[in-house]
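Input: a single structure, listed below in C-alpha cells.
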Ligand SMILES: [Zn+2]
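Residue numbers (the numbering used here): 508 to 836.
So, in C-alpha cells, the structure goes:
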C-alpha cells in the first residue's frame with residue numbers, strides 16, 4: 508500500500524543512513540492512524556535488507572527480506588503489550604537486552620519496535636533506559652507513541668524525535684478514495700470523523716449523533732444477517748424511515764472500513780468502540796474484498812439510479828443491497 512505522506516520522513520532517514528548519522532533510538536510520534544507502525548516496519552525492512560537499492564528500497568529477495576515477509580527475521584524484535592491492552596512488562600524489555608546480546612544474523616542492524624511505547628510501566632521504562640544509555644552496536648530502537656509526552660523525560664532525552672505529521676484533508680481524501688475505490692464525495696460527508704488520520708477512519712464514530720446510531724444499527728444488522736439470524740427482506744424493513752442518501756453513505760462507510768480492516772489484516776488502526784471493532788473484524792473475516800467492492804459498486808449504481816429515475820422506490824434499493832450483501836459469491 509502506498510502511503511505518500513510517509514515519503515518525506517523516510518527521506519530524512521535515508522539521508523541519515525547514507526551519511527552514517529542514523530540514531531540508535533527514535534521516538535516515532537504523530538496522530539493516531541497516520542501510519543507510524545507501518546512506517547517503522549518499512550524502515551526496519553529496508554535497514555535489514557542486505558541488498559537495498561540506492562533509492563532506499565528493500566530488494567524483496569534476500570534472506571533478510573524473505574524472513575521479514577514470514578515474520579521470522581531474527582534481527583527484528585517486535586514488542587507490544589503482552590495481553591492485548593495491558594502493559595509492556597519488564598520481562599519483555601529484558602528480552603530486548605537478550606536480543607542485543609547476539610550479533611546481527613544477516614546485515615549490520617538489529618531493530619526493535621516498541622508499540623506503543625507508552626504501554627511500558629515504570630519498571631520496563633527504567634530497564635529500557637539502561638539499554639538506551641549504552642546502545643549496542645547496530646541497534647535501532649523505534650519507540651512508537653501517539654503521545655510521546657507520556658514517556659519518561661529520561662527516555663525522551665536519549666532518543667531522536669521523528670514526528671509524522673497529519674496530511675491535509677485533500678491528500679487524505681485523494682488517497683482513501685483511490686485506495687478503496689469510493690467516491691471522494693461520500694468521504695466528504697465524513698470529514699469530521701476521518702480527520703484524525705488517514706488510517707483511522709472513524710475516531711469519533713462512537714459519539715452519539717444520528718450518523719453513529721445508524722452506523723451501529725447497520726453494523727449490528729449486517730452481523731445478524733451474515734449469521735443467518737434474520738432474512739435480508741426483514742432487515743430491510745428496519746430502514747423504512749431512513750433517508751436513502753444517508754443509508755447509502757453509511758452502508759458505504761461500513762463496507763469501506765471492513766475493506767480497510769482486510770487490507771491491514773486487522774482493524775489495528777481503527778479507533779472503534781470494542782463492540783463495533785469486533786463486528787468489523789467479524790465481517791472482514793467473513794467476506795472477500797471482491798464481494799465488498801461489488802457492494803460498493805452497487806451503492807454507486809443505486810445513487811445514479813436515484814438521480815436519473817423518478818419512479819425508483821428507496822425501499823427496493825435498500826432491499827436489493829441487503830440481499831446482494833448476503834448472496835453467495
Ligand atoms: Zn533484501
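Cβ atoms here follow ideal geometry from the backbone N, Cα and C, with glycine treated the same way. Quick caveat: nothing in here was measured; it's all calculated off a predicted structure.
Extract the residue ranges of the beta strand (DSSP E) inside the stretch 590-638, only unbroken runs of 3 or more that lie entirely within it. 617-621
May I ask which residues mark the beginning and end of the alpha helix (DSSP H) holding residue 834? From DSSP, residue 834 is part of no alpha helix (DSSP H); its letter is neither H nor E.
Straight-line Cα distance separating residue 516 from residue 449: What is shown of the chain runs 508 to 836, which leaves residue 449 out entirely.
Any idea what DSSP makes of residue 795, helix, strand or coil? coil
Ligand 1: which residues have Cβ under 7 Å from any of its heavy atoms, chain order? 556, 557, 558, 559, 565, 566, 567, 568, 569, 571 and 572
Nearest candidate by alpha-carbon position, reference residue 510, set 683, 633 and 732: With respect to the C-alpha of residue 510, the residue from 683, 633 and 732 having the closest C-alpha is 683.
Is the beta carbon of residue 658 sitting closer than 9 Å to the one on residue 619? no
Would the stretch 559-576 and the stretch 639-655 be scored as touching if the rule is three or more Cβ pairs under 8 Å? no
Quick one: grab the DSSP three-state call for residue 762. helix
Per the contact definition of three or more C-beta pairs closer than 8 Å, is the stretch 812-827 in contact with the stretch 760-771? no
Kindly indicate the opening and closing residues of the alpha helix (DSSP H) around residue 742. Residue 742 -> alpha helix (DSSP H) spans 739-744.
If you draw a straight line from the C-alpha of residue 641 to the C-alpha of residue 655, how long is it? 22 Å
In whole angstroms, give me the CA-to-CA distance for residue 827 and residue 789. 22 Å
With which residues is residue 536 paired in a DSSP beta bridge? 652 and 670
Do the CB positions of residue 824 and residue 751 come within less than 9 Å of each other? Cβ atoms of residue 824 and residue 751: closer than 9 Å.
Is it true that the stretch 666-681 meets the stretch 532-546, where meeting means three or more beta-carbon pairs spaced less than 8 Å apart? yes
Excluding the 5 residues flanking residue 716 on each side, which residues of the same chain have their C-beta closer than 8 Å to its C-beta? Note on residue 716: pLDDT 40, under 50, position unreliable in the model; no value is reported.
Hey, how far is the Cα of residue 720 from the Cα of residue 757? 10 Å
Same chain, Cβ closer than 7 Å to residue 570, neighbours up to 5 away in sequence not counted: 613
Going straight from the alpha carbon of residue 522 to that of residue 529, what length do you get? Cα-Cα distance, rounded: 9 Å.
In this structure, how does DSSP classify residue 727 when only helix, strand and coil are distinguished? helix
Measure the C-alpha to C-alpha separation of residue 595 and residue 586 and round it to an integer number of angstroms. If you take the alpha carbons of residue 595 and residue 586, they lie about 8 Å apart.
Might you give, ordered along the chain, the residues of its own chain that have their beta carbon closer than 7 Å to the beta carbon of residue 544, omitting 5 neighbours on each side? 622 and 651
Consult DSSP for residue 658 and reduce its assignment to one of helix, strand or coil. Coil, per DSSP.
Under 6 Å Cβ to Cβ from residue 793, same chain only, skipping five residues before and after it: list those, please. Cβ neighbours of residue 793 beyond the five flanking positions: 733.
Within its chain, find whatever has a CB closer than 7 Å to the CB of residue 661; leave out the 5 residues flanking it on each side and keep chain order. 636
Would you report the Cα separation of residue 786 and residue 577, rounded to the nearest angstrom? Distance between the alpha carbons of residue 786 and residue 577: 28 Å.
I need the boundaries of the beta strand (DSSP E) containing residue 584, first residue and last residue. 583-586
Sequence-distant residues of its chain with Cβ nearer than 8 Å to residue 806 (five each side left out): 755, 758, 759, 762 and 828
Separation of residue 563 from residue 526, as counted between CA atoms: 13 Å
Counting only the same chain and skipping the five closest in sequence on each side, list residues whose C-beta sits under 6 Å from that of residue 791. 765, 768 and 769
Burial state of residue 796 (16 or more Cβ within 10 Å): exposed
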